[in-house]
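289 is the number of the first residue of the sequence shown in my numbering; add one for each residue after it. We put the CB at the ideal spot given by N, CA and C, even for glycine.
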Amino acid sequence: MTQEETKMEKIISLCKRRGFVYQGSEIYGGLAGTWDYGPYGVTLKNNIKGLWWKRFVEDRDDMYGVDAAIIMNQNVWKASGHVSGFSDPLSECKKCGHRFRTDQLEDPKKCPDCGGVLGEARQFNMMFKTNVGPLESEDSISYLRPETAQGMFVNFKNILDTIHPTLPFGLAQIGKAFRNEIAPRDFIFRSREFEQMEIEYFVKPDDWKKTFESFVKEVHAFTTDVGLDKKHVHELEIADGDRAHYSKRTIDFEFDFPFGKKELFGLAYRTDFDLKAHSEASKVDLSYFDEETKTRFIPHCIEPSFGVERTVLAVLSDAYTEDEIDGEKRVYLKFSPKVAPIKVAVFPLLKNKPMLVEKAQEIFNLLRKDIKGVVFDDNGNIGKRYRRQDEIGTPYCVTVDFDTIEKDAGVTVRNRDTGKQERVKIKELTKYLKV
Ligand code: ATP
Numbered sequence: 289m290t291q292e293e294t295k296m297e298k299i300i301s302l303c304k305r306r307g308f309v310y311q312g313s314e315i316y317g318g319l320a321g322t323w324d325y326g327p328y329g330v331t332l333k334n335n336i337k338g339l340w341w342k343r344f345v346e347d348r349d350d351m352y353g354v355d356a357a358i359i360m361n362q363n364v365w366k367a368s369g370h371v372s373g374f375s376d377p378l379s380e381c382k383k384c385g386h387r388f389r390t391d392q393l394e395d396p397k398k399c400p401d402c403g404g405v406l407g408e409a410r411q412f413n414m415m416f417k418t419n420v421g422p423l424e425s426e427d428s429i430s431y432l433r434p435e436t437a438q439g440m441f442v443n444f445k446n447i448l449d450t451i452h453p454t455l456p457f458g459l460a461q462i463g464k465a466f467r468n469e470i471a472p473r474d475f476i477f478r479s480r481e482f483e484q485m486e487i488e489y490f491v492k493p494d495d496w497k498k499t500f501e502s503f504v505k506e507v508h509a510f511t512t513d514v515g516l517d518k519k520h521v522h523e524l525e526i527a528d529g530d531r532a533h534y535s536k537r538t539i540d541f542e543f544d545f546p547f548g549k550k551e552l553f554g555l556a557y558r559t560d561f562d563l564k565a566h567s568e569a570s571k572v573d574l575s576y577f578d579e580e581t582k583t584r585f586i587p588h589c590i591e592p593s594f595g596v597e598r599t600v601l602a603v604l605s606d607a608y609t610e611d612e613i614d615g616e617k618r619v620y621l622k623f624s625p626k627v628a629p630i631k632v633a634v635f636p637l638l639k640n641k642p643m644l645v646e647k648a649q650e651i652f653n654l655l656r657k658d659i660k661g662v663v664f665d666d667n668g669n670i671g672k673r674y675r676r677q678d679e680i681g682t683p684y685c686v687t688v689d690f691d692t693i694e695k696d697a698g699v700t701v702r703n704r705d706t707g708k709q710e711r712v713k714i715k716e717l718t719k720y721l722k723v
């Protein structure tokens, strides 16, 4: 095992041990490509989604939130090109029967598992098909959406008619997407059910370049919001011929994951492809009337697309740290306080001293009023509690001891990264904790 493979194994095991991520349907032997999130995993995801929503929706005047249905009329996916074109090349080994995504193989003719000969690649559509209603017929076919984007394009007219925004403006959505990936792998990096945070930003055709550039900056800013190391984020310009069918320019933002440099986010110039396709297929006019120039046209669209789970994995990967404190090895997650599931843990020094427990509870209730993500913990000895909070990435541990009560000496605050403790007066505590 290489060092990086070991790191990945350690992250997966920590995620399970500490209640971040479990294998989907685990008690039945699992279901490939699905993952379940435990209490800390849910909060980590919510914090990431909250930062995204704040940056791209709440802090801007030109962005509108949408929450569209996951199951849509099949004609949406016909018009968008997904029914005919949303596929990956699949090769099957003639000897062992294993299946692979052809474009991810080093040698597209040889089976990486048994060395056997691989058959001709065929296109495999990645959408999960289902039927809506009790009848299974051509007309009842629908799909679990493979991207959230289409839910925004089909609501473009609703937004124009009800909110009356002027160009440029964007629609933003966070929600589940499903892809029947041929080879789900690398923990939560490539799964069959995941969440996307997407924006469809509509502009006048001539303005696409400057908007595209401004989103390059915004994407980087978001990676900083969640605490990623700038040095681990790279831009990859996708060449002509390699881009998705709808895109005239694409940048992949790649991240140095433990298993290599891989796509974290994407930014695409989708032109007027989608609105035009839906206008034609639905026979509903999806053009925009520009009051300034008195012209009518179909806006062009810039799409930044973010995967929630890939962000979670990047955040975990940058946060995972091993060091030694006072001669003892420890593991901790160096989360930015903004994403950390728990910001502050409050302990009584000893569990069996009611006066310490009561005081700690009082401080816990006090902090809880101002800070989201405070826990009370009196399980095990203090060393165990520190280890637990380190492993879930809690930036601060506050301990109530005898001096707190007898000498009115405040509490001790332990810093996760340095392990150092400082005495802090109770009334200054909220200000001291930078969360
Ligand atoms: P890849 O080339 O890795 O399959 P993609 O180019 O198909 O990804 P997009 O269609 O651009 O991905 O999807 C937008 C974003 O959704 C990606 O940048 C990624 O963050 C996320 N994403 C896509 N597929 C998956 C998946 N199977 N599991 C988790 N996240 C995904």
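Taking all protein chains in view, the Cβ of Ile-613 is surrounded by fewer than 16 other Cβ atoms within 10 Å, so the residue is classified as exposed. Within a 10 Å sphere around the beta-carbon of Ser-313 sit fewer than 16 other beta-carbons, which makes this residue exposed. Going by DSSP, Glu-610 is part of the beta strand (DSSP E) stretching over 608-613.
One Cα belongs to Leu-378, the other to Arg-389, and the distance between them is close to 5 angstroms. The C-alpha of Glu-469 lies about 24 angstroms from the C-alpha of Tyr-557. For the ligand ATP, a non-hydrogen atom lies closer than 7 angstroms to the CB of Phe-553.
By a beta-carbon distance limit of 8 angstroms, Glu-525 does not contact Glu-591. Their separation comes to about 16 angstroms. For Gln-438, the distance from the CB to the nearest heavy atom of the ligand ATP is not below 7 angstroms. Across the structure, Arg-343 and Ile-315 are spaced so that their CA atoms are roughly 39 angstroms apart. Put simply, the region 478-497 touches the region 454-467. At least three CB pairs are less than 8 angstroms apart.
In terms of CA proximity to Pro-625, Leu-721 leads the group Thr-450, Val-345, Leu-721 and Asn-413. Look at the beta carbons and you see the region 601-613 touching the region 512-523: at least three pairs across the two are nearer than 8 angstroms. Judged by beta-carbon spacing, Val-504 lies within the 8 angstroms limit of Leu-555, meaning their Cβ atoms are closer than that value.
Close CB contacts of Lys-647 within its chain, under the 8 angstroms cut and outside five residues either way in sequence, are with Pro-636, Val-688, Thr-692 and Ile-693 (chain order).
With fewer than 16 other CB atoms across the displayed protein chains lying within 10 angstroms of its CB, Lys-417 is exposed. When Cβ pairs closer than 8 angstroms are counted between the two stretches, the region 399-418 is seen not to touch the region 316-332, the count staying below three. Scanning its chain for C-beta atoms nearer than 7 angstroms, with the 5 sequence neighbours on each side dropped, one finds around His-386 the residues Cys-399 and Asp-401, in chain order. One thing to note: Thr-682 has its Cβ within 8 angstroms of the Cβ of Lys-631. Around the beta-carbon of Lys-333, 16 or more other beta-carbon atoms lie within 10 Å, marking it buried.
Within 7 angstroms of the C-beta of Phe-545 there is not a single heavy atom belonging to the ligand ATP. For Leu-644, no beta strand (DSSP E) run applies; the uninterrupted alpha helix (DSSP H) run containing it begins and ends at 642-658, by DSSP. Taken atom to atom, the span from the alpha-carbon of Arg-673 to that of Val-600 is near 24 angstroms.
Annotation for Glu-435: Ala-465 place their beta carbon closer than 6 angstroms to its own, counting only its chain and skipping 5 residues before and after.
One thing to note: Ile-714 has its Cβ within 8 angstroms of the Cβ of Val-699. Going by C-alpha positions, Asp-349 is about 10 angstroms away from Pro-453.
The C-alpha of Val-521 is placed about 6 angstroms away from the C-alpha of Glu-542. Nearest Cα to Glu-293 within the set Gly-548, Ile-359, Gly-373 and Asn-361: Gly-548. For Asp-578, the closest of Asn-446, Ile-680 and Lys-492 by C-alpha to C-alpha distance is Lys-492.
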